[in-house]
Amino acid sequence: MQAPFVITAGSALTPYGIGTNAYAQGSKPTSKPLAGNYATHTEVAMVPDYDAQQLLAVRSVSNFDRLTLHVCVAVDQLHKQLGYADLTTRRQALADDRMCIVIGSAGPLQSIVDFDLQTIEEPSYVQPSRVPNVVFNVPASYAAIRHGIRGSCITLTDGDSSSLKAFAIAAGQLQFGRIDLAMVGGAEEATPAYAMYRQAMDQSSSSNGLPISEGASLFAMETVEHARQAGRSSLAGLFGCAQVFSPNAAQVGLRACLAKLERQFPQAMAAISTVYCDADIEASELGLSEVTQVQLDQKLGRTGAMYGSLALLDALTSNQVADHSVILVLQADEAGACVAALFEKHGQLN
Numbered sequence: 009m010q011a012p013f014v015i016t017a018g019s020a021l022t023p024y025g026i027g028t029n030a031y032a033q034g035s036k037p038t039s040k041p042l043a044g045n046y047a048t049h050t051e052v053a054m055v056p057d058y059d060a061q062q063l064l065a066v067r068s069v070s071n072f073d074r075l076t077l078h079v080c081v082a083v084d085q086l087h088k089q090l091g092y093a094d095l096t097t098r099r100q101a102l103a104d105d106r107m108c109i110v111i112g113s114a115g116p117l118q119s120i121v122d123f124d125l126q127t128i129e130e131p132s133y134v135q136p137s138r139v140p141n142v143v144f145n146v147p148a149s150y151a152a153i154r155h156g157i158r159g160s161c162i163t164l165t166d167g168d169s170s171s172l173k174a175f176a177i178a179a180g181q182l183q184f185g186r187i188d189l190a191m192v193g194g195a196e197e198a199t200p201a202y203a204m205y206r207q208a209m210d211q212s213s214s215s216n217g218l219p220i221s222e223g224a225s226l227f228a229m230e231t232v233e234h235a236r237q238a239g240r241s242s243l244a245g246l247f248g249c250a251q252v253f254s255p256n257a258a259q260v261g262l263r264a265c266l267a268k269l270e271r272q273f274p275q276a277m278a279a280i281s282t283v284y285c286d287a288d289i290e291a292s293e294l295g296l297s298e299v300t301q302v303q304l305d306q307k308l309g310r311t312g313a314m315y316g317s318l319a320l321l322d323a324l325t326s327n328q329v330a331d332h333s334v335i336l337v338l339q340a341d342e343a344g345a346c347v348a349a350l351f352e353k354h355g356q357l358n
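Numbering (the numbering used here), first residue to last: 9 to 358.
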């Protein structure tokens with residue numbers, strides 16, 4: 009029972025701090041009201057302040073918005089974990105067009121709102137420096153440019169299931185030989201514009217009222233053979249992802265996802281020991297008995313598009329999830345997207 013794709017490194021910025029070790033060692037983060045003209049009553053759990061200029065080794069970050077900073081720092085941290093802090097060293101091991109970035113996110117919503125408001129209030133004085141940040145793929149693109157990544161650069165803005173779908177897209181690129189290593193995960197920002205988006209999305213969700221969490225969590229994913237050639241050990245294996253669209257019937261959609269995975273990976277599905285899903289989903293109602301159900305929202309609040317990548321981060325840093333455990337991550341968002349991803353934990357990430 010060997011997964012075709014492996015996770016070989018990870019990085020994270022969470023309300024617990026910068027780094028995967030901070031998440032592993034941290035206690036429950038505190039939340040506070042978000043300052044802003046139109047989201048003052050929203051509770052947020054923010055990434056602790058950090059010196060972006062120092063971490064990114066740049067003179068100025070004034071043209072980077074909050075989401076771009078989170079993504080760039082997470083990508084930098086991931087390069088260091090892989091031993092690729094120096095670009096020349098990285099290029100000796102991996103050509104620019106053999107790497108890609110795939111992230112799930114709601115996008116730079118605050119930059120978009122700020123730009124739109126300025127065009128309405130002061131159309132003659134719109135700042136050109138604001139324009140790049142209104143493009144949804146800009147945070148990942150800045151990170152890709154910094155490291156010469158040219159395989160592909162993709163940002164999925166398909167709701168809360170986006171980072172799980174990012175794993176599926178990255179796996180497809182690896183499977184068809186388009187790249188050798190994918191940096192994949194999710195990122196969100198804690199801003200007034202994002203808070204408005206979350207309030208609108210969570211109207212009928214049981215998670216409404218929980219704090220909003222921001223940050224980024226990214227993983228290096230490659231094929232088993234490529235990781236072996238590079239001398240990297242596996243932290244986790246990805247068997248596969250399944251997704252369907254099932255509006256107003258999350259249980260039906262998730263059962264269809266599980267049926268797809270069952271046909272492809274019957275042994276792994278029979279060995280599931282841990283299921284990550286939110287409070288709206290009951291594992292036993294999906295035919296998953298004798299499993300440990302983890303509700304990530306009770307630990308981090310509303311994680312948005314980061315949900316899937318944070319679930320994997322939690323599993324790989326948790327002492328409660330043993331090595332060789334098979335982990336199922338389920339997500340059903342308000343738009344009707346239902347996704348299931350099947351992993352196996354191989355080692356502890358810290």
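Using N, Cα and C, we set each Cβ at its ideal position, and we do this for glycine too. Note that the structure is a prediction, hence the values are computed from the model and not measured.
Item to check | Residues bridged to residue 159 (per DSSP) | outcome: According to DSSP, residue 159 bridges with nothing at all.
Next on the checklist: Looking at residue 24: is its Cβ nearer than 7 Å to the Cβ of residue 30?
Outcome noted: yes
Item to check | Reference residue 88; option with closest CA among 287, 64, 200 | outcome: 64
Next on the checklist: Applying the 10 Å Cβ sphere with the 16-neighbour rule, what's the burial state of residue 298?
Outcome noted: exposed
Next on the checklist: Less than 7 Å between the beta carbons of residue 128 and residue 174, yes or no?
Outcome noted: no
Checklist entry - When we look at the beta-carbon of residue 218 and count the other beta-carbons within 10 Å, is it buried (16 or more) or exposed? => result Under a 10 Å Cβ-count criterion, residue 218 is classified as buried, with 16 or more other Cβ atoms of the shown protein chains found around its own Cβ.
Item to check | Closest residue to residue 347 among 103, 337, 354 (Cα-Cα distance) | outcome: Residue nearest to residue 347 within the set 103, 337, 354 is 337 (criterion: CA-CA distance).
Next on the checklist: For residue 349 and residue 141, I'd like the C-alpha separation in whole angstroms.
Outcome noted: 31 Å
Item to check | Contacts around residue 221, its chain only, beta-carbon distance under 6 Å, and the 5 residues preceding and following it disregarded | outcome: 23, 53, 308, 309, 311
Next on the checklist: Between which two residues does the beta strand (DSSP E) holding residue 42 run?
Outcome noted: For residue 42, no beta strand (DSSP E) encloses it, and the DSSP letter there is neither H nor E.
Next on the checklist: On the criterion of 16 or more Cβ atoms from any shown chain inside 10 Å, does residue 74 qualify as buried, or is it exposed?
Outcome noted: buried
Item to check | Cα-Cα separation between residue 303 and residue 286, rounded to whole angstroms | outcome: 5 Å
Next on the checklist: I'd like to confirm the pairing. Which residues does DSSP put opposite residue 345 in its beta bridges?
Outcome noted: 253
Item to check | Rounded distance between the beta-carbons of residue 243 and residue 357, thought under 8 Å | outcome: 5 Å
Item to check | Which residues DSSP lists as bridging residue 13, in chain order | outcome: 231, 246
Next on the checklist: By the three-class DSSP mapping on this structure, what secondary structure does residue 353 have?
Outcome noted: Looking at residue 353 - three-state DSSP - the assignment turns out to be strand.
Checklist entry - Do residue 113 and residue 313 have their C-beta atoms within less than 7 Å of each other? => result yes
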